[in-house]
Each structure stands twice: as structure tokens, then as C-alpha cells.
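Residue numbers (our numbering), protein chains in the order written: chain G, 1 to 385; chain U, 1001 to 1385.
Have a look at the structure below, then the notes.
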């Protein structure tokens, strides 16, 4: 009946009898994941159904509609990618980067570097412009770079998760159209927590994640692609160099054909739908305002503790604040004590900022003044120990 | 504070006030997803924790240990990929296919074709050998093909989900070593439900999914890679043409470095760990025997109804049976009635077998004689209407 049955007994044994899963409860105030809305978590506690079940297809439509609202876009191809935020990032590049295309990347932190790395893997001719970590590009700097490099694609990080800086996008979409260039933006840490008007800003492709501003667990990641990007995809002579993330196939599953592509992460879609529904119930503008208010409260409280934010207030992200590590303090000792003694996760610095800053996230469901109080109280205890 | 705040009001509104999520309960007896173990579903109903939290890192170790047991391998690089089975399939090819490599694919159904398509996207020189859908290759046919094409990689589908056929693998690993060729196997529908001795069979790379033999929802997918494959990865002069699935980066997160790569799908890992734990508690050999017994019971009952299985009994997969659609019956009408009137999902035929067979899965938690009774009773009612 089954092939290749072997006479050999088992050689590999599991090492221990395991108890049922028991995980600690944390208050997640780092760069993500953030705590989920309890409604979202409960939504996963049900059996999966089939990825071609009419009830699942209806759910897909709801998710697309809600996601367009959250992003303020009418792009038809707006959907969750079946993976975490980095998969949506890869999908964005994979679908529009063709071998030899010049791609200009604005690097002002870790995720700009990653964009450049990924684009190279799709055989782009990558050029970068750089800013110190924590700064942003001015429109005139971007204009000069586009004039010089004449890229087919400009890739910018709207919300740099490694630095907490928010790149202004006013005028960048117009600049890209003037030079017949596509605009890609990383909105992993901004979606849901920072005002975004995707269509007004003339952004051609964007991606995000579920575990920050959308109050879901990680595993299902927002992606959107407009008409100009779709035209480039349709015209490309070679297949997309990534089957799993190929939007020319995925649009047949998400569109009216409903043609099987891959088995969707069903329970993640349950979660995702509920996270978006709760956000729509609050109202996206109300969510932006809540993130702003909570962040401003954090900044005031940090100031009272004598702590300094790394990014100028004008460019500071509401969902994620980088705080400078005071002189003489070992950054990791503090994050470890916060987790061990207070069950609070905050993030260490990444790359150039390792050891120099902590990253404090107040994202989605966690963007509440009580969490600021809880954090500030724990942090001052740990620092004064 | 936030950049590029626009004076424009919202232009995109969500179309309807949605009620809380309410999904139908189905008995999933198609080609997957299958119903999850209730313990697994309940495990997702908790808050995520951080992907670098010591408690999460300990969970990763448990998952790797359990996965090695289920696969009967000691491969260090054995882990769940952060996506559905197709992502694990893509990871397998992405890491070892270099531009120009000759890849020989055995095509005996839909998933063989997909392997060939994916390998081409990684710029392989793809050769295929073909069998009618429902058949398998003999060892001598494989030997002739390897002798003729001298591939660097042989890719075979162990369990062809589109046909229900199980490819015998006895001697194939030895053949590949004789010709200095890597062996890749698709075990999406066999892992957990069909005897597999990965190391004894000398398989270099394999992939599977969570939503069949492992009784989990889709979204986290088994991948394993042995020493010979790792040597090819380490030697490659160019980066892997896929950042998200690059095992040279992922092994630094799953290994002792614990270096951040991407945010893991935390709640899927909770589910995955519990699915594997329940399987280890039953015992992998007991699970194989249970799948065999349940399938044999199904085949007997189908025979009583006068229905014919598409695959010869010798090569039939226990977890997935293809049944021929009787003359004069419209296949889709039956699957629709099964879902609508009985809440049972069975699968339609795919590709060459569309309209000719149904696909009946008895996988993981669902491989129980009561489900056969339930299915056969519903099917005979629908067919005799």
C-alpha cells in the first residue's frame, strides 16, 4: 500500500515527553510583534475550512475591502501575503524588479539595507543613497538622486523599524511619475498607526505586517499594487523569479477566477479579518489619533525620567520610539531585566544603533496610556536598581 | 509628528459594518486542509510572544526535535518554513538550484509540473520524465533517466496530491549518490501518514505541510536539508535568489547564533508544536498504521458502493484516495452537494484528472473509521438523489 516500507525500526526518537504548551504572558512593547486584540486571538480558536470553500472566498472579499480602507487605496490587487512582513517585502520586489532594472534605494536604517539586498537577488542594478540612522531624506535630496540615477524603481522605507524615523512622502509620488519610475514603500511599522493615503500619495506598491498596527499575530501580511506596477508585471517577458509570491498567479486566486494557487493560511485569515474589523469599527482616523496621543504621552514621561529620544520630534514615528541608552548603562541588561522581572518586552537597537538605543513600541491594541504608565514605572525601577 | 499628514479626508470607506467572524464547521475530507486536532486549535488561542523571547527560542528547539522524529532524520537544518507548503517547496529549490544546474523532475501529476516551473524560475536547465497521472516511476526508469540526463538534482514527488499515488523511493537515494546528484522529495501529503525514513532513504532535501498528516492549520511548513545539500549551499558563489527562504540566513536564527532574520509566525508555531507533540504521543509508527487501516476501510466501503479507485492498490496513498467519477455523473455537482447538504468537503480532480476523479483525504486527526462511515453515507445519499 505505501511505498518503500523499510524493515528498519525507528532510529530517531523524540528526546522528551512534552507537557502541553505553556507560554508566559508578556506585555509586548518592542518593535513587534505587539499584543493582539483579544478578539483576534479568540478568532483563531476554530477549525480551518477549505481555501476554496464559498465561506472562505467570501472572507477573502471582506479582507480585501477592509485592507483597502486601512490603506486608503482603491487598488484591486490589495491582499494579505501568506507569510510574515518580510514575505510581503519580497513579494513587492519580486513582482516588479526585472533583471538589469535600476533600483534606487533610500537607506536610513536596517530595512533600507534589506531592500537593497533583496533587490540584488532579483538581479537589479541597485543604487543607494544613505542617511545616518534616525534621519530622513528631504524631497530635494530625493529629486537629485532620481535625476542622477534615473531608476525604474525608487524604494523607500516610510517607517524605519530600526530607527523609529518616519520618511515624509509628500511630493515623492509626483517626482516618480515625472521620471517614469515606480515608487515602493515599506509601511511595516506605519500601517494602522500613522496617517497613510496611499492613492493620494501616488504610491505604486506597498507592504506591511499584521503584528503591529493591525493588532494580529504575525503570519499574514498586507500587500498592495496599483495599475502602473501591474502594467510592468504584465509586460515582463520572463516569469516572476518567485513562484509563491507571483502576483500574476495570485491575482487569479484573489480575483473572480478563484483558481487554486497555494493553500492559504486559513486561521491567520480569520485573525486578520478580525483585526481589520476592529480597526474599522474604531475608525482609521481615530486609530491614528490614538497612536499620536499615546506616543506623545510616552515622550513626555521619558523626558521626565531624563531620557532622550533618538529621532527629531518632527520625524518621530508614533508606533515606535527609539530612546537613547544613558551613558554607563548596558542596554541588554536592561531589556533582560524588563522581561524577567516585569514581563515586558522592549527591543534592543539593531545594526548601527545596537547598544545605543532601546526600541519602544506602542502599536495597535497596545497603544494605550496604561501601557505607558506600566512601562515607565518598570523602566525606572530597572534603571535605578 | 507624523510625516506627510494630508488635509484630504478619507476617500475609501469600508463597504459594510461586519459582524464578528462566524465560519461554518466542516468535515474536511478533501486533499487538505484537513481538520486540526482540537488541542492544536486551542493552542493558538493565546497572545503571541516575541520571536527572540527565551521562551520562544526554547519552543523552536522542541519543534526541531519533534520534526526530526516525525521525519526520521538527524539533519540539523530541520525546521518549519514561515509559510504554507508551497513556500517550503520553493525554499527547497531556491537553496540548492544554481543558474544553469540541470534539474531532472519526475512528473506524474500537478505537483511535478509545479516543481519544474519553480526550478525554471531559479534558472535551472530543467529536464522532465513523464508518467500518466496516477502511475509512478520504477527504479530502472529513474536509473535510465539519470544516466541520460546526468542531473545535479533529481526532484520527485513522494506523494502526488493530485493523483493519490505514492512513488516508491527504495534505492533512489543510492542511485543519486552513485551519480553525485542531490535528491529532493515532495512529502506534502505523506509526512505523518505514510512511513518515511528520511536518513535511511538518503534523501537530501524534503518539504511538507502542516495541514494534513500533522493535524495543524496551514501556515507553517516542514523543511529539512542534509549535509550534501548544505555543502552545495555553502559553496554557491551567488546569494540565494530568495531572501525570505535563504537557509544560509535562516540557519543563523535557528542555530545557536539566534540572529534575527524575520519575525516568525508565533501562533502558528504554537499550533505546530502541539500537532507534533500529539503525534509523538501517539507514536509515529502508530500513526502510519492508523492511516493504513482507515484507508483500507475506505477502499472496502467504496468497493461496496461499486466505486473504483484510480490508483493501483500497491501505489495508493493512505492519506489520500482518488475515486473515479461514475459515468454520467457531473463531478462538481456532487462535491457541491456534499458541502451544502452534509458539511463535508471532498476535493475535485486537478489538471488532467479534473472531472474524472474526486479526492478523498483521511489525514492526521481525521483518519478515523467514523469519518469513513460519515463520508460513505453522505456520498451514497448524494449519488442516489
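In this text, a Cβ means the ideal position worked out from N, Cα and C, and glycines have one as well.
Query	Result
Relative to the C-alpha of residue 129 of chain G, which candidate in G:122, G:120 and G:116 has its C-alpha closest?	G:116
Report the three-state DSSP secondary structure of residue 271 of chain G (helix, strand or coil).	helix
Please work out which residues of its chain come closer than 7 Å, Cβ to Cβ, to residue 1199 of chain U, disregarding the five sequence neighbours upstream and downstream, and give them in chain order.	1072, 1073 and 1074
Short check: CB of residue 248 of chain G to CB of residue 80 of chain G, under 8 Å?	no
Please go through the same chain and pick out, in chain order, the residues whose beta-carbon is closer than 7 Å to the beta-carbon of residue 2 of chain G, but skip the five residues on each side of it.	Note on residue 2 of chain G: pLDDT 42, under 50, position unreliable in the model; the coordinate value appears next. Cβ within range, chain order: n/a, list empty.
Just how far apart, CA to CA, sit residue 1202 of chain U and residue 1183 of chain U?	8 Å
Which of helix, strand or coil does DSSP assign to residue 69 of chain G?	helix
Check whether the stretch 291–306 of chain G touches the stretch 315–323 of chain G, taking contact to mean three or more Cβ pairs, one atom from each stretch, closer than 8 Å.	yes
Can you find a C-beta in chain G that's less than 8 Å from the C-beta of residue 1048 of chain U?	yes
Could you tell me whether any Cβ in chain U is nearer than 8 Å to the Cβ of residue 371 of chain G?	no
Look at the Cβ atom of residue 14 of chain G, then the Cβ atom of residue 1280 of chain U, and state whether they are nearer than 8 Å.	yes
Nearest-angstrom Cα distance between residue 1276 of chain U and residue 1210 of chain U?	9 Å
Use the C-beta contact count for residue 1188 of chain U: other C-beta atoms within 10 angstroms, 16 or more gives buried, fewer gives exposed.	buried
If contact means a Cβ-Cβ distance below 7 Å, which residues of the stretch 1026–1042 of chain U contact chain G?	1026, 1028, 1030, 1032, 1033, 1035, 1036, 1041 and 1042
What does residue 44 of chain G touch in chain A if you count any residue whose Cβ is under 7 Å from its own?	Among the chains of the structure shown, chain A does not appear; the protein chains present are G and U.
Would you give the residue range spanned by the alpha helix (DSSP H) that residue 1120 of chain U belongs to?	1110–1121
Going by C-alpha to C-alpha distance, which of G:360, G:256, G:26 and G:34 sits closest to residue 301 of chain G?	G:360
Beta carbons nearer than 9 Å to chain G: which residues of the stretch 1235–1258 of chain U have them?	1238, 1239, 1240, 1241, 1242, 1243, 1244, 1245 and 1246
Run through the stretch 149–187 of chain G for me and flag every whole beta strand (DSSP E) of 3 or more residues, listed as ranges in chain order.	153–157 and 182–186
Give me the Cβ distance between residue 1163 of chain U and residue 1108 of chain U, rounded to the nearest whole Å; I'm assuming they're in contact under 8 Å.	7 Å
Taking residue 350 of chain G as the reference, give the member of G:365, G:342, G:332 and G:245 with the closest Cα.	G:332
Looking only at its own chain, which residues have a Cβ that is under 8 Å from the Cβ of residue 37 of chain G, when we skip the five neighbours before and after it?	215, 216, 274, 275, 278, 364 and 365
Return the bridge partner residues of residue 105 of chain G from the DSSP annotation.	G:128 and G:155
Mark residue 165 of chain G as exposed unless 16 or more other C-beta atoms lie within 10 angstroms of its C-beta, in which case mark it buried.	buried
List the residues that DSSP assigns as beta-bridge partners of residue 316 of chain G.	G:165
Would you mind giving the Cβ-Cβ distance between residue 1155 of chain U and residue 1119 of chain U, rounded to the nearest angstrom? I have them listed as a contact below 8 Å.	7 Å
Let me see if you follow: with CB-CB separation under 8 Å, is residue 1082 of chain U close to chain G or not?	yes
Looking at the unbroken beta strand (DSSP E) that takes in residue 415 of chain G, where does it start and where does it end?	The requested residue 415 of chain G does not occur in the structure, where chain G is confined to residues 1 to 385.
Closest to residue 283 of chain G by CA distance: which of G:223, G:193 and G:263 is it?	G:193
With H, G and I counted as helix, E and B as strand and the rest as coil, what does DSSP make of residue 1025 of chain U?	coil
Where are the alpha helix (DSSP H) runs, 4 residues long or more, that stay fully inside the stretch 1247–1314 of chain U, in chain order?	1247–1254, 1266–1282 and 1284–1304
Could you pull out every residue in the same chain whose Cβ sits closer than 8 Å to the Cβ of residue 1307 of chain U, ignoring the five residues on either side in sequence?	1323, 1324 and 1326
Residues of chain U with a CB under 8 Å from the CB of residue 275 of chain G: which are they?	Chain U residues near residue 275 of chain G: none, gap ~11 Å exceeds 8 Å.
Residue 1009 of chain U by DSSP, collapsed to three states: which one?	coil
In the DSSP assignment, what are the bridge partners of residue 345 of chain G?	G:28
Let me make sure I understand the geometry here. Which of G:229, G:25 and G:179 has the alpha-carbon closest to that of residue 145 of chain G?	G:179
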